[in-house]
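Peer 1: Take a look at the following structure, please.
Residue numbers (the UniProt record's numbering): 1 to 187.
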């Protein structure tokens, strides 16, 4: 059995000048240090997501299908998460089922936690498993240098390690359970 968990790292913003690319870059560097985890980036800017299903949405769904777990890098916009992230989420359905989802949020004083609070029931409705721990990066514009590197990585990196461990645990548990009884039989 394959013991490596593949995590799809989703950037939850498409705004010009977004900080999500720096945050996702840091997440990717930390994932690269792990031998038990592989990852790929899912960036809404790579897909032309119109209001109706199209060829681009199939390409997105393929990225979602191959992931064993997801880590959503999400900014907080007006006490919520960006519309582009909701659109990306809504293109999948079965692709999310029985897969764990973790969060790295960022923003002003709250660090994006209100966006995460609103995302949890969305993923629950899709039969995904949100892990308890998350990483919140308050006042994010002060946390990264001009090259996109985290200035003081110790605390956030420890928190991210816990999220990685929970994603890997739930992905393994879901895979083992799915081998016994496919989730489609109980959903």
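In this text, a Cβ means the ideal position worked out from N, Cα and C, and glycines have one as well.
Count the other CB atoms, across all protein chains shown, that sit within 10 Å of the CB of residue 106; report buried if there are 16 or more and exposed otherwise.
Peer 2: Position 106 of the chain shown holds residue 106. With 16 or more other Cβ atoms within 10 Å, it is buried.
Peer 1: The alpha helix (DSSP H) that contains residue 19, what's its start and end?
Peer 2: If you number the chain shown from 1, residue 19 lands on position 19. Here residue 19 belongs to no alpha helix (DSSP H), and DSSP marks it neither H nor E.
Peer 1: For residue 179 and residue 156, what's the separation of their Cα atoms in angstroms?
Peer 2: The residue you call residue 179 lines up with position 179 of the chain shown. The residue you call residue 156 lines up with position 156 of the chain shown. Whole-angstrom Cα-Cα distance: 34 Å.
Peer 1: Round the Cβ separation of residue 140 and residue 115 to the nearest angstrom and send it over; I've been treating them as touching at under 8 Å.
Peer 2: Locating residue 140 in the chain shown gives position 140, counting from the first residue. Locating residue 115 in the chain shown gives position 115, counting from the first residue. 12 Å between Cβ atoms; not a contact.
Peer 1: What are the start and end residues of each continuous beta strand (DSSP E) run of 3 or more residues lying completely inside the UniProt domain "NADPH-dependent FMN reductase-like" (6 to 142), in chain order?
Peer 2: 37 to 42, 69 to 75, 100 to 106, 135 to 137
Peer 1: Taking all protein chains shown into account, do 16 or more other C-beta atoms lie within 10 angstroms of the C-beta of residue 17, making it buried, or fewer, making it exposed?
Peer 2: Sequence index remark: in the chain shown, residue 17 carries index 17 (1-based). By the neighbour-count rule (16 or more Cβ atoms within 10 Å), residue 17 is not buried but exposed.
Peer 1: Please determine if the region 36 to 51 and the region 86 to 100 are in contact, where contact requires at least 3 C-beta pairs separated by less than 8 Å.
Peer 2: yes
Peer 1: Can you tell me the Cβ-Cβ gap for residue 19 and residue 164, rounded? I've got them flagged as a contact below 8 Å.
Peer 2: If you number the chain shown from 1, residue 19 lands on position 19. If you number the chain shown from 1, residue 164 lands on position 164. That pair is no contact at about 21 Å.
Peer 1: Confirm, please, whether the CB-CB distance from residue 12 to residue 101 is below 8 Å.
Peer 2: In the chain shown, the residue the question calls residue 101 occupies position 101. In the chain shown, the residue the question calls residue 12 occupies position 12. Not a contact, by the Cβ cut-off of 8 Å.
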